[in-house]
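Chemist: Start counting the sequence shown at 64; every next residue gets the next number (our numbering).
Just so you know, even glycine gets a beta-carbon here, dropped at the ideal spot from N, CA and C.
All values reported here derive from a predicted model rather than from experimental measurement.
Below are the structure tokens for one structure; questions will follow.
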Amino acid sequence: MPLGLCLPLLLAAAPAASAPAKSAVQAGASTPKPVLTAADAVSVKMAIAAPGAKAVLVNIWASWCGPCREEFPDVLRLRNDLKSQGLRVILVSADFDDARKDAVEFLKEMGVDFPSFIKVGKDEEFMNGLAKEWTGVLPATLVYDGAGTLRDLREGKQSYATFRGMVEKVLQDGSARPGS
64 MPLGLCLPLL LAAAPAASAP AKSAVQAGAS TPKPVLTAAD AVSVKMAIAA
114 PGAKAVLVNI WASWCGPCRE EFPDVLRLRN DLKSQGLRVI LVSADFDDAR
164 KDAVEFLKEM GVDFPSFIKV GKDEEFMNGL AKEWTGVLPA TLVYDGAGTL
214 RDLREGKQSY ATFRGMVEKV LQDGSARPGS
């Protein structure tokens, strides 16, 4: 299902967004300057395959998506906890271009100070370019190994423990994803 068609389903099924965890901005840290770069699936795949990471977690979210906002602090916490072990986190906003300001504001509120992407192009091409198994449900979390091979895919809101388990499996065992 294309991302644009997911909105009614997500809004109907999603609980109201709770207040986000205390962000770096609220905690008194300097205001980050989020960088949000337009990217298609090819550009995101190039960032995934860039040298230097043992595992890459890609989180696809939207500023209007309650479950996306709820899990976001856990994605950032995981990045902080496992970055030194070789984790790279790539954030991709699925907001439409007219909501770019909302996406940047959300990243700023969350204290994101590293480059992130905003999806451009056709939904189906983007989804298939990252993972043919992805149905377009948001949030979506994909974990790749350091060689750029997809190792895990989860749709919908996930917990910190789930994210950590997905990434640690790739960091620790190096096994190939079934069917790859």
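Give the DSSP-derived three-state secondary structure of F135 in the structure shown.
Modeler: If DSSP states are grouped into helix, strand and coil, F135 belongs with the helices.
Chemist: Check E187 in the structure and name its three-state DSSP category.
Modeler: Helix at E187.
Chemist: Have a look at the DSSP bridge pairing and note the partners of L216.
Modeler: Paired residue(s): L205.
Chemist: Cα separation between A110 and Y207?
Modeler: The straight-line gap from Cα to Cα measures roughly 11 Å.
Chemist: Among L99, V107, E168, K171, which one has its Cα closest to the Cα of V119?
Modeler: With distances taken between Cα atoms, V119 lies closest to V107.
Chemist: Measure from the alpha carbon of A224 to the alpha carbon of each residue in E134, W124, G192, G129, then state which is nearest.
Modeler: Checking every option, the nearest Cα to that of A224 belongs to E134.
Chemist: Rounding to the nearest angstrom, what Cα-Cα distance links I153 and L216 in this structure?
Modeler: So the two alpha carbons sit approximately 14 Å from each other.
Chemist: So, does the region 196-206 touch the region 161-175, judging by three or more C-beta pairs under 8 Å?
Modeler: No contact exists between the region 196-206 and the region 161-175.
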